[in-house]
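Peer 1: Got a structure for you, questions after.
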Amino acid sequence: MNKMHFKTRITIWFSAVLLIFFAALFFLITLINNAVLQQNVKGTLIKTVNNNLLDVEFSLTQDEPQEGTEYIAYGTGYVIIDRRFLKIESGVYSSLYTPEGNLLYGEDPSSEASPDFSDGTIKEVKIRGVKYYVFDRITNGGLWLRGVISEEESKGLVLSITKLILLIFPLMALISVAGGYRIASHFTAPINEIRRKADKISKGDDLSERLPVTREDEIGKLSESFNLMFERLEKNFEREKRFNRDVSHELRTPISVIKAEAEYGLDRERTPEEYREILGTVFEKTGELTEITESLLTLSKLENTGEKPEMYPLSLKDALKSAQNQTAKPTDKKISVVWEKEEDVSVIGNEPLLIRLFSNLISNAYRYGKENGVIKLKTEKADGKAIVAVTDDGIGVPEEEREKIFDRFYRAGNVGKTGGTGIGLAIVREIAVLHRAEIKCLPAEGGGSSFVFTADAI
Ligand code: ADP
448 MNKMHFKTRI TIWFSAVLLI FFAALFFLIT LINNAVLQQN VKGTLIKTVN
498 NNLLDVEFSL TQDEPQEGTE YIAYGTGYVI IDRRFLKIES GVYSSLYTPE
548 GNLLYGEDPS SEASPDFSDG TIKEVKIRGV KYYVFDRITN GGLWLRGVIS
598 EEESKGLVLS ITKLILLIFP LMALISVAGG YRIASHFTAP INEIRRKADK
648 ISKGDDLSER LPVTREDEIG KLSESFNLMF ERLEKNFERE KRFNRDVSHE
698 LRTPISVIKA EAEYGLDRER TPEEYREILG TVFEKTGELT EITESLLTLS
748 KLENTGEKPE MYPLSLKDAL KSAQNQTAKP TDKKISVVWE KEEDVSVIGN
798 EPLLIRLFSN LISNAYRYGK ENGVIKLKTE KADGKAIVAV TDDGIGVPEE
848 EREKIFDRFY RAGNVGKTGG TGIGLAIVRE IAVLHRAEIK CLPAEGGGSS
898 FVFTADAI
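So this is what it looks like as structure tokens:
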């Protein structure tokens, strides 16, 4: 794993890329400069020589030239040289030669190598390691006008540019590193901020705290993802806490009854009838324990698990029929079940869960239904809604408790001695929520209650 800080890595990468870019750029500049300067040197040479060509006049007269002009006696006449003729101009040495190749006037650093004369072509000579460019023109009097420039002229300039670059380069390096560091800080600062806050939240006790989402970019999305994670963590944590609390609270009563019964049995010798009674109570209470733990586990699984159960189109009539078949009939009372309406209606849902929901309603109807009572089942489609109703003619639910009975462990005041855990309807509500359905407890005509499930029909 790379231990280097993200910031350091960005800085290094950024500076390296920038420096390589600068180095390549400087190299290119030097290369181009070299070529351009060389070209320039040759250009200067040609231009100076051609200019001077106009400033050398060959006079054939034998009259002495006027005062103020520079002249050289040559042959039978004079060579008059204008004052504008410069022996050295922009690094170009100019000189005049006789057709035989004798120096008449001016300076010629290339004289040692004495290159041949030729009109209008650039020649290159090397003297003691220094390269010279030589350019000759023939004047109208047959004299040679020679221009010479040293390559050093261009080299000097190239060298100064290279020096400048070498001076600038460390500065560039510094700017690159500083720039890289700034960019890295710019990108890592919000990430560090998130990390700091996330650390604080995960270390602290308060899981309800959230990261502020102030931007819409990737960083904002990251905060949102973290918040979603915290939300799920919090929900799971809460669920676990509640489950633990519920388990200890709900299991305490049956366990203490079992313990008391066992103590009573062990206290002294009992009659076989008494033992039978004790075992009967223990059996009943262990059954209750199983029911409570199973219901709690189901409820806990249904709540906020995050993963949605598989959903598909299914017939509500079939689900209700399956629930009817799977629900155990009471052994202590006679209750009949009738279908008052069985319309074919389908919803998108999870069949085992819906069967469980309806089965809970039917078993409640059995439990709170009256002796020789009737349970009415109904499936119908109305206004795009799928409706299932389970109606009994039992004890009913007092109006003010019709909502509360869906809360976990809530049991209405009129249940008397009828056993129960108060978890069944909480499971019913969770399953309904998962199906985006509504579940209501309504009073039934002539007493009893009607539990109505309403979902979107397809
Ligand atoms: P339990 O039946 O185990 O007590 P439930 O969650 O299934 O738990 O029901 C909660 C409460 O709602 C019951 O205790 C009862 O007071 C009331 N209840 C549920 N169904 C009916 C019904 N069909 N008739 C009358 N009361 C009901």
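The numbers in the numbering used here rise by one with no breaks, and the one at position 193 of the sequence shown is 640. Think of the CB as a built atom: it goes at the ideal place given N, C-alpha and C, for glycine as much as any other residue.
Helix, strand or coil: how does DSSP classify Arg883 here?
Peer 2: Arg883 falls in the coil class under three-state DSSP.
Peer 1: Check Asp854 in the structure and name its three-state DSSP category.
Peer 2: Looking at Asp854 - three-state DSSP - the assignment turns out to be coil, as it is neither helix nor strand.
Peer 1: Just the C-alpha distance for Ser917 and Lys454, rounded to the nearest angstrom, thanks.
Peer 2: For residue 917 there is no data in the structure shown, the boundaries of the chain being 448 and 905.
Peer 1: Among all the DSSP beta bridges, which residues are the ones paired with Pro760?
Peer 2: Beta-bridge pairing links Pro760 to Ile795.
Peer 1: Hey, Ala836 and Glu848: beta-carbon distance below 8 Å or not?
Peer 2: Not a contact, by the Cβ cut-off of 8 Å.
Peer 1: With Ile596 as the anchor, note down where its beta strand (DSSP E) starts and where it stops.
Peer 2: Looking at the DSSP string, the run of the beta strand (DSSP E) that includes Ile596 is Trp591 to Ser597.
Peer 1: Let me check you understand the geometry: is the CB of Ile870 closer than 7 Å to at least one non-hydrogen atom of ligand 1?
Peer 2: Correct: Ile870 has its Cβ closer than 7 Å to ligand 1.
Peer 1: Could you give the uninterrupted runs of the beta strand (DSSP E) lying entirely in the stretch 581 to 662, keeping only those of 3 residues or more?
Peer 2: Listed in chain order, they are 591 to 597.
Peer 1: In angstroms with no decimal places, state the Cα-to-Cα distance between Ala770 and Lys781.
Peer 2: Cα-Cα distance, rounded: 19 Å.
Peer 1: How many angstroms separate the CA atom of Gly691 from the CA atom of Ile852?
Peer 2: According to the sequence provided, residue 691 is Asn. The question's Gly does not apply to it. Rounded to the nearest angstrom, the two C-alpha atoms are 22 Å apart.
Peer 1: Nearer than 7 Å: is that true of the beta carbon of Asn674 relative to any heavy atom of ligand 1?
Peer 2: Result no, Cβ not under 7 Å from ligand 1.
Peer 1: Just to confirm, are Ser542 and Glu554 a CB contact at a threshold of 8 Å?
Peer 2: Contact flag set, yes.
Peer 1: Tell me Glu536's beta-bridge partners as DSSP assigns them.
Peer 2: Looking at the DSSP assignment, Glu536 forms a beta bridge with Val539.
Peer 1: Ends of the alpha helix (DSSP H) at Ser565?
Peer 2: Unbroken run through Ser565: none, as it is neither H nor E.
Peer 1: Grab me the residues of Cys888's own chain with a C-beta within less than 7 Å of its C-beta, minus the 5 sequence neighbours each way, in chain order.
Peer 2: These residues qualify, in order along the chain: Val844, Arg849, Ile852, Ser896 and Phe898.
Peer 1: Using DSSP's beta-bridge definition, name the partner residues of Val572.
Peer 2: Val572 pairs with Tyr579.
Peer 1: Please confirm whether Ile569 and Lys489 have their CB atoms less than 8 Å apart.
Peer 2: A contact, by the Cβ cut-off of 8 Å.
Peer 1: Measuring alpha carbon to alpha carbon, tell me which residue in Phe461, Gly524, Tyr711 and Ala879 is nearest Met758.
Peer 2: Among Phe461, Gly524, Tyr711 and Ala879, the Cα nearest to that of Met758 is on Ala879.
Peer 1: Using only alpha-carbon positions, find the residue among Leu550, Gly522, Leu501 and Gly548 that is nearest to Arg906.
Peer 2: Lying before the first or after the last residue shown, residue 906 is absent from the chain, which here runs from 448 to 905.
Peer 1: Nearest by alpha-carbon distance to Ile596: which of Thr609, Leu606, Pro637 and Val572 is it?
Peer 2: Ranking Thr609, Leu606, Pro637 and Val572 by Cα distance to Ile596 puts Val572 first.
Peer 1: Give the DSSP-derived three-state secondary structure of Gly447 in the structure shown.
Peer 2: Absent from the structure is residue 447, since the part of the chain shown begins at 448 and ends at 905.
Peer 1: Under 8 Å between the Cβ atoms of Lys644 and Leu658?
Peer 2: It is a contact, given that the beta carbons lie within the stated cut-off.
Peer 1: Is the CB-CB distance between Leu492 and Val539 below 8 Å?
Peer 2: In contact: Leu492 and Val539 (Cβ atoms closer than 8 Å).
Peer 1: Please determine, among Asn639, Asn674, Pro637 and Glu681, the residue with the shortest C-alpha to C-alpha distance to Leu654.
Peer 2: Minimum Cα distance to Leu654 is reached at Glu681.
Peer 1: In terms of DSSP beta bridges, what is Leu889 paired with?
Peer 2: According to DSSP, Leu889 bridges with Ser897.
Peer 1: If we ignore side chains and look at the alpha-carbon of each, how far apart do Lys610 and Leu675 end up?
Peer 2: C-alpha separation (whole angstroms): 59 Å.
Peer 1: What span of residues does the alpha helix (DSSP H) with Ile459 cover, start to end?
Peer 2: Its alpha helix (DSSP H) spans residues Phe453 to Leu501.
Peer 1: Any chance the stretch 573 to 581 sits against the stretch 619 to 630, with 3 or more Cβ pairs inside 8 Å?
Peer 2: Too few Cβ pairs lie closer than 8 Å, so no.
Peer 1: On a Cα-Cα basis, can you pick out the residue from Tyr544, Leu613 and Val875 that is closest to Asp800?
Peer 2: Per the sequence presented here, residue 800 reads as Leu, with Asp not at that position. Ranking the options by Cα distance to Leu800, first place goes to Val875.
Peer 1: Is the stretch 783 to 799 close to the stretch 822 to 835, with three or more CB pairs under 8 Å?
Peer 2: Enough Cβ pairs lie closer than 8 Å, so yes.
Peer 1: Taking the alpha-carbon positions, what's the Asp638 to Arg662 distance?
Peer 2: The sequence given here places Ile at residue 638; Asp does not occur at that position. Cα to Cα, Ile638 sits roughly 12 Å from Arg662.
Peer 1: Below 7 Å CB to CB, which residues in the same chain sit around Glu750 once its five sequence neighbours on both sides are set aside?
Peer 2: Excluding residues within five positions, the ones whose Cβ falls inside 7 Å are Arg686 and Glu877.
Peer 1: For ligand 1, is there any heavy atom lying closer than 7 Å to the beta carbon of Val862?
Peer 2: Under cutoff, so the answer is yes.
Peer 1: For Glu720, count the other beta carbons within 10 Å of its own beta carbon; 16 or more makes it buried, fewer makes it exposed. Which is it?
Peer 2: The residue in question, Glu720, is exposed, as its Cβ has fewer than 16 Cβ neighbours within 10 Å.
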